[in-house]
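Colleague:
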Amino acid sequence: RKVGCDRALPACANCTRANRDCKGYGLKLAWPDKYDGRRTQKRYKAEPDASATNYMTKSGKFSFLNMSVGDLE
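Residue 22 is where the sequence shown starts when you use the numbering used here, and the numbers rise one by one after that.
#1: Going by C-alpha to C-alpha distance, which of V90, L30 and D92 sits closest to K44?
#2: According to DSSP, simplified to helix, strand and coil, what is G25?
#3: Quick one: Cα of R41 to Cα of L86, how far?
#4: Let me know the secondary structure DSSP gives R38 once reduced to three states.
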């Protein structure tokens with residue numbers, strides 16, 4: 022049976038209770054689904070400044086990582 026992590030710090034309660042060494046949990050990254058209304062991708066039509074043009078892709082679009090505070094805790 023797989024037991025989910027409760028994300029307690031510094032070690033999860035499940036590992037503490039079982040007297041196991043907690044391997045912890047890393048940074049959880051998530052990308053929004055196409056129809057996920059909670060975390061929609063926002064599009065802005067602002068003109069980039071000269072320094073930003075070095076980071077643009079050939080298509081002229083920027084890519085950003087979509088994270089929330091809960092992903093870092």
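Glycine is no exception: its CB is placed at the ideal position from the N, C-alpha and C atoms.
Modeller: A quick look at the data gives this:
#1: On the sequence shown, position 23 is the one that residue 44 refers to. Answer by Cα proximity: L30.
#2: Within the sequence shown, residue 25 is the residue found at index 4, counting from 1. In the structure shown, G25 sits in coil (DSSP, three-state: anything other than H, G, I, E or B).
#3: For the purposes of this step, residue 41 is taken as the residue at position 20 of the sequence shown. For the purposes of this step, residue 86 is taken as the residue at position 65 of the sequence shown. When rounded, the distance between both Cα atoms is 34 Å.
#4: Translated into positions along the sequence shown, residue 38 becomes position 17. DSSP places R38 in helix when its eight states are reduced to three.
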